[in-house]
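Worksheet for the structure shown next.
Numbering (our numbering), first residue to last: 15 to 58.
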């Protein structure tokens, strides 16, 4: 997914070792769905 996002122009897309679940388990910050989300897949 990160590679595809970079191909689409998103420069700050990275693959997470262990994925999203590992990120949350490590206590890293997450935002609720929709918080600050853009309405389209247009790169910033």
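Note that beta-carbon positions come from the ideal geometry of N, C-alpha and C, so glycine has one too. As the structure is a computational prediction, the values presented were derived from the model and not from experiment.
Pair within 8 angstroms by beta-carbon distance, residue i and residue j
{"i": "residue 20", "j": "residue 27", "result": "yes"}
Extent of the continuous alpha helix (DSSP H) to which residue i belongs
{"i": "residue 20", "result": "16-21"}
{"i": "residue 33", "result": "33-39"}
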